[in-house]
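> Residue numbers (the UniProt record's numbering), protein chains in the order written: chain C, 1 to 244; chain Y, 1 to 244. All residues carry an ideal CB built from backbone N, CA and C; glycine is no exception. Take this structure, written in structure tokens, and hold onto it; I'll ask about it next.
Protein chains: 2
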Amino acid sequence: MSYESEHHNTHISQSFNEELEQIRTELLTMGGVVERQLSDAVNALVGGDTDQAEQALKIDSVINDMELMIDEQCTLIIARRQPAAADLRLIISVSKATNDLERIGDETSRICRYAMELASEGKNMQGYQEVRHIGNLVRDMLKDGLTAFARSDAELAYKVAKQDKEVDSEYRTAMRSLMTYMMEDPRHISSVMNVIWVLRSLERIGDHARNLAEHLIYLVSGTDVRHSSLKEIKKTVKRVEERQ
Amino acid sequence: MSYESEHHNTHISQSFNEELEQIRTELLTMGGVVERQLSDAVNALVGGDTDQAEQALKIDSVINDMELMIDEQCTLIIARRQPAAADLRLIISVSKATNDLERIGDETSRICRYAMELASEGKNMQGYQEVRHIGNLVRDMLKDGLTAFARSDAELAYKVAKQDKEVDSEYRTAMRSLMTYMMEDPRHISSVMNVIWVLRSLERIGDHARNLAEHLIYLVSGTDVRHSSLKEIKKTVKRVEERQ
Numbered sequence: 001m002s003y004e005s006e007h008h009n010t011h012i013s014q015s016f017n018e019e020l021e022q023i024r025t026e027l028l029t030m031g032g033v034v035e036r037q038l039s040d041a042v043n044a045l046v047g048g049d050t051d052q053a054e055q056a057l058k059i060d061s062v063i064n065d066m067e068l069m070i071d072e073q074c075t076l077i078i079a080r081r082q083p084a085a086a087d088l089r090l091i092i093s094v095s096k097a098t099n100d101l102e103r104i105g106d107e108t109s110r111i112c113r114y115a116m117e118l119a120s121e122g123k124n125m126q127g128y129q130e131v132r133h134i135g136n137l138v139r140d141m142l143k144d145g146l147t148a149f150a151r152s153d154a155e156l157a158y159k160v161a162k163q164d165k166e167v168d169s170e171y172r173t174a175m176r177s178l179m180t181y182m183m184e185d186p187r188h189i190s191s192v193m194n195v196i197w198v199l200r201s202l203e204r205i206g207d208h209a210r211n212l213a214e215h216l217i218y219l220v221s222g223t224d225v226r227h228s229s230l231k232e233i234k235k236t237v238k239r240v241e242e243r244q
Numbered sequence: 001m002s003y004e005s006e007h008h009n010t011h012i013s014q015s016f017n018e019e020l021e022q023i024r025t026e027l028l029t030m031g032g033v034v035e036r037q038l039s040d041a042v043n044a045l046v047g048g049d050t051d052q053a054e055q056a057l058k059i060d061s062v063i064n065d066m067e068l069m070i071d072e073q074c075t076l077i078i079a080r081r082q083p084a085a086a087d088l089r090l091i092i093s094v095s096k097a098t099n100d101l102e103r104i105g106d107e108t109s110r111i112c113r114y115a116m117e118l119a120s121e122g123k124n125m126q127g128y129q130e131v132r133h134i135g136n137l138v139r140d141m142l143k144d145g146l147t148a149f150a151r152s153d154a155e156l157a158y159k160v161a162k163q164d165k166e167v168d169s170e171y172r173t174a175m176r177s178l179m180t181y182m183m184e185d186p187r188h189i190s191s192v193m194n195v196i197w198v199l200r201s202l203e204r205i206g207d208h209a210r211n212l213a214e215h216l217i218y219l220v221s222g223t224d225v226r227h228s229s230l231k232e233i234k235k236t237v238k239r240v241e242e243r244q
């Protein structure tokens, strides 16, 4: 039985169905806000736009509130509806995904603060190209992770997990080149360090986007693939497809 | 009604009680493993002991397995027992705390890797005193956070949350002094960067220990204090005490 049919057959209560769909929709709404914040933060940094960084930073408290609100709804549904099987997995994975989105928001807020410092420090733009590039990679991972949730698409979630390897590799390359630059020109250590922190935050955002994808795979497969290798994840995703 | 009496009156099933106590015990066992790994990692780094760092690094997979195991038990209890009120809060807070412990294990594993690199790089020990000091602070926070869970002690949990401010402040001071050192002596940039990453990991461990404390406060008070100020947390803890 596929996840979708299992999911819609386990209960006939219309309002229960609606509650479940609502938390999924709210997760996606929250994801859209986080995605926009991330995109604005990277643009603000690369463009030296302090106002845009400040605006994006303000979104942090909105994201925090959304996390608390969705999590509370998840707890209420568990207490009232006593869900099992796929319904329970939906609630658990939405709750965990919400937590990862909030952490992406945290890292993005850090990027906003560094963007403001970098803008005030002036013209050294070493590493900005890498920020733009890795920023685009992790934004796409986040977008795909959310789309995977919207469509219960395990194959797309696997793609996100795989993409994280590329981000890690690009991150290491960028880090090596910034270290070399610092050694050659120590006058810029302070501003280059800010760029290094930004890259670190982007790398972490990639990790959280991968977590998001793993929660979706748990939702559709019932297998908890956290701490699994890509190979194991691929097997799990393949089993899901064969069932459909 | 106090948390403890509420907790023991909501159901009479002996085996349900045992299941709930078991996940709490397993959380504390996992916490003990993480605490030991952290202590070993910091000692390995400061003492330049590659073997100890390697041994501590191996614990990472044990910690990951414990996370999956405890989380699976939490899901099973929800599905089978249909818990509400304080029982549901216990399960949710144990599941979330487990996740924070796993992340502390992740950061500690990073520290092990940097310890190995630093040991192979030789004699520059700039920042080691700060690593020792902040390492002790966050280890105590973790220990107290776990004790708070063992005793349902909201007051102690509040102390942990408060302690995080001190860690953040010590971290910023250490970071400033390492930046100055790098600028004055760029030959050591590479090894000092490794110490900087270690300090960052320790600062994050402090954040996760604070999260642990917040989950305990949610458990005993029913109020989700994530993203709350220390002042708000104090109020919540005070309400708990007045009820007892």
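(1) Any beta-carbon of chain C closer than 7 Å to the one on ALA79 of chain Y?
(2) Measuring alpha carbon to alpha carbon, tell me which residue in C:GLY105, C:GLN129 and C:ARG80 is nearest residue 250 of chain C.
(3) State yes or no: is the C-beta of ALA161 of chain Y within less than 7 Å of the C-beta of ARG239 of chain Y?
(4) Quick one, which residues of the segment 114-128 of chain Y are near chain C if we go by CB-CB under 7 Å, in chain order?
(5) Is the CB-CB distance between residue 255 of chain C and GLU107 of chain C below 7 Å?
(6) Where MET1 of chain C and SER39 of chain C are concerned, what is the direct C-alpha to C-alpha distance, given to the nearest angstrom?
(7) Counting only beta-carbon atoms, is ASN194 of chain C nearer than 7 Å to chain Y?
(8) With a cut-off of 7 Å, does the C-beta of VAL33 of chain C fall near any C-beta of chain Y?
(9) What does LEU68 of chain C touch in chain Y if you count any residue whose Cβ is under 8 Å from its own?
(10) Would you kindly report the start and end of the unbroken alpha helix (DSSP H) that includes SER201 of chain C?
(11) Using a Cβ cut-off of 8 Å, pull out every chain Y residue sitting near LEU88 of chain C, in sequence order please.
(12) Relative to the C-alpha of ILE105 of chain C, which residue among C:SER61, C:ILE91, C:THR236 and C:GLU155 is closest?
(13) Taking a contact to mean a Cβ-Cβ separation below 7 Å, would you say LEU57 of chain Y touches CYS112 of chain Y in this structure?
(14) Beta-carbon within less than 7 Å of ALA150 of chain C's beta-carbon, same chain only, minus the 5 sequence neighbours each way: which residues are those?
(15) Considering only C-alpha positions, which residue in the set C:GLY47, C:LEU76 and C:GLY122 is nearest to residue 245 of chain C?
(16) Return the residues of the segment 127-149 of chain C that lie within a Cβ-Cβ distance of less than 7 Å from chain Y, sorted by chain order.
(17) Taking 7 Å as the threshold (beta carbon to beta carbon), is residue 257 of chain Y in contact with chain C?
(18) Near MET66 of chain C, what residues of its chain come up, given a Cβ to Cβ distance below 6 Å and the 5 sequence neighbours on each side ignored?
(19) Check whether chain B comes within 7 Å of GLN163 of chain Y, counting only Cβ atoms and requiring the distance to be less than that.
(20) Quick one: using the 10 Å Cβ neighbour count with 16 as the cut-off for buried, is GLN22 of chain Y buried or exposed?
(21) In angstroms, rounded to a whole number, what distance separates the CA positions of ASP144 of chain C and GLY206 of chain C?
(22) One question on the structure: do ILE77 of chain C and GLU19 of chain C come within less than 7 Å of each other, judged by their Cβ atoms?
(23) Quick one, which of C:VAL42, C:GLY32 and C:ARG226 has its alpha-carbon nearest GLN129 of chain C's?
(24) Please list the terminal residues of the continuous alpha helix (DSSP H) segment that includes ASP168 of chain Y.
(25) Anything in chain Y within Cβ reach of GLU72 of chain C, meaning under 9 Å, just list it in chain order.
(26) Terminal residues of the continuous alpha helix (DSSP H) containing VAL62 of chain C?
(27) Leaving out five residues before and five after LYS96 of chain C in sequence, what residues of the same chain have Cβ atoms less than 7 Å from its Cβ?
(28) Let me confirm a value: SER201 of chain Y is counted as buried when at least 16 other C-beta atoms fall within 10 Å, else exposed. Which label applies?
(29) Look up ASP224 of chain C in the DSSP assignment and say whether it is helix, strand or coil.
(30) Short of 6 Å in beta carbon distance, which residues of its chain neighbour GLU170 of chain Y, apart from the five on each side in sequence? Order them along the chain.
(31) So with CB distances below 8 Å, who are the chain Y contacts of SER190 of chain C?
(32) 7 Å is my cut-off, CB to CB: does ALA97 of chain C come that close to chain Y?
(33) Please check if any C-beta of chain Y sits within less than 7 Å of the C-beta of ALA209 of chain C.
(34) Kindly indicate the opening and closing residues of the alpha helix (DSSP H) around MET125 of chain C.
Working from what's here:
(1) Counting from one through the second sequence, the residue named residue 79 of chain Y turns up at place 79. Chain C contact via Cβ: present.
(2) Not covered by the structure: residue 250 of chain C. The range shown for chain C is 1 to 244.
(3) Along the second sequence, read from residue 1 onward, the residue named residue 161 of chain Y stands at position 161. Along the second sequence, read from residue 1 onward, the residue named residue 239 of chain Y stands at position 239. No, they are not a contact pair.
(4) Cβ contacts with chain C come from no residue of the segment 114-128 of chain Y.
(5) Residue 255 of chain C lies beyond the residue range present for chain C, which begins at 1 and ends at 244; the question has no answer from this structure.
(6) For the purposes of this step, residue 1 of chain C is taken as residue 1 along the first sequence, with counting starting at 1. For the purposes of this step, residue 39 of chain C is taken as residue 39 along the first sequence, with counting starting at 1. Since pLDDT at MET1 of chain C reaches only 47, below the 50 mark, its modelled position is unreliable, and the value read off the structure follows with that caveat. Using only the alpha carbons, I get a separation of about 39 Å.
(7) In the first sequence, residue 194 of chain C corresponds to position 194, counting from 1. Residue-level contact check: ASN194 of chain C does not touch chain Y, since none of the beta carbons of chain Y fall below 7 Å from its beta carbon.
(8) Within the first sequence, the letter at position 33 stands for residue 33 of chain C. It does not; no Cβ of chain Y falls within 7 Å.
(9) Along the first sequence, one-based indexing puts residue 68 of chain C at 68. For LEU68 of chain C, the neighbours in chain Y by C-beta distance under 8 Å run, in chain order, ASP224, ARG226 and HIS227.
(10) Your numbering for residue 201 of chain C matches position 201 in the first sequence. Secondary structure note for SER201 of chain C: its alpha helix (DSSP H) is the uninterrupted segment 189-221.
(11) Numbered from its first residue, the first sequence carries residue 88 of chain C at position 88. Chain Y residues near LEU88 of chain C: THR75, ILE78 and ALA79.
(12) Counting from 1 along the first sequence, the entry for residue 105 of chain C is found at position 105. In the sequence as presented, Ile is not what sits at residue 105 of chain C; that position holds Gly. Of the residues C:SER61, C:ILE91, C:THR236 and C:GLU155, the one whose Cα lies closest to the Cα of GLY105 of chain C is C:SER61.
(13) Here residue 57 of chain Y is taken as the residue at index 57 of the second sequence, counted from 1. Here residue 112 of chain Y is taken as the residue at index 112 of the second sequence, counted from 1. The Cβ atoms of LEU57 of chain Y and CYS112 of chain Y lie closer than 7 Å to each other.
(14) Here residue 150 of chain C refers to the residue found at position 150 of the first sequence. Here the set comprises LEU28.
(15) Residue 245 of chain C lies beyond the stretch modelled for chain C, which goes from 1 to 244, so this question has no answer here.
(16) Those residues of the segment 127-149 of chain C placed with their C-beta closer than 7 Å to a C-beta in chain Y do not exist.
(17) For chain Y, the structure presents residues 1 to 244; residue 257 of chain Y sits outside this window and is missing.
(18) The residue you call residue 66 of chain C lines up with position 66 of the first sequence. In the same chain as MET66 of chain C, and ignoring 5 residues on each side of it, the C-beta atoms closer than 6 Å to its own belong to MET30, in chain order.
(19) Chain labels in this structure do not include chain B; the protein chains are C and Y.
(20) Your numbering for residue 22 of chain Y matches position 22 in the second sequence. Classification of GLN22 of chain Y: exposed, given that the 10 Å Cβ count is below 16.
(21) For the purposes of this step, residue 144 of chain C is identified with residue 144 of the first sequence, where counting begins at 1. For the purposes of this step, residue 206 of chain C is identified with residue 206 of the first sequence, where counting begins at 1. The alpha-carbon atoms of ASP144 of chain C and GLY206 of chain C are separated by roughly 12 Å.
(22) If you number the first sequence from 1, residue 77 of chain C lands on position 77. If you number the first sequence from 1, residue 19 of chain C lands on position 19. Against a cut-off of 7 Å, the Cβ pair of GLU19 of chain C and ILE77 of chain C comes out as a contact.
(23) Position 129 of the first sequence, counted from the start, is the residue given in the question as residue 129 of chain C. Of the candidates C:VAL42, C:GLY32 and C:ARG226, the one whose C-alpha sits nearest the C-alpha of GLN129 of chain C is C:VAL42.
(24) The count along the second sequence starts at 1 and reaches residue 168 of chain Y at position 168. Run containing ASP168 of chain Y: 154-184, per the alpha helix (DSSP H) assignment.
(25) Indexing the first sequence from 1 puts residue 72 of chain C at position 72. Near GLU72 of chain C (Cβ distances below 9 Å), the residues of chain Y are ASP224.
(26) Residue mapping note: residue 62 of chain C aligns to position 62 of the first sequence, counting from 1. Counting along the chain, the alpha helix (DSSP H) containing VAL62 of chain C begins and ends at 50-81.
(27) Working through the first sequence from its first residue, we reach residue 96 of chain C at position 96. Here the set comprises HIS215.
(28) Residue numbering aside, residue 201 of chain Y sits at position 201 when the second sequence is read from its first letter. So SER201 of chain Y ends up on the buried side.
(29) Sequence index remark: in the first sequence, residue 224 of chain C carries index 224 (1-based). In the structure shown, ASP224 of chain C falls within a coil segment according to DSSP collapsed to helix, strand and coil.
(30) Counted from its first residue, the second sequence places residue 170 of chain Y at position 170. Excluding positions up to five away in sequence, the list reads ILE134.
(31) Position 190 of the first sequence holds residue 190 of chain C. Going along chain Y in sequence order, the residues near SER190 of chain C (Cβ under 8 Å) are MET179 and MET183.
(32) Your numbering for residue 97 of chain C matches position 97 in the first sequence. Interface criterion not met: the Cβ of ALA97 of chain C is under 7 Å from no Cβ in chain Y.
(33) Counting from 1 along the first sequence, the entry for residue 209 of chain C is found at position 209. For ALA209 of chain C, the nearest beta carbon of chain Y is not closer than 7 Å to its own beta carbon.
(34) What you label residue 125 of chain C is simply residue 125 of the first sequence in a count that begins at 1. Element bounds for MET125 of chain C: n/a, residue is neither H nor E.
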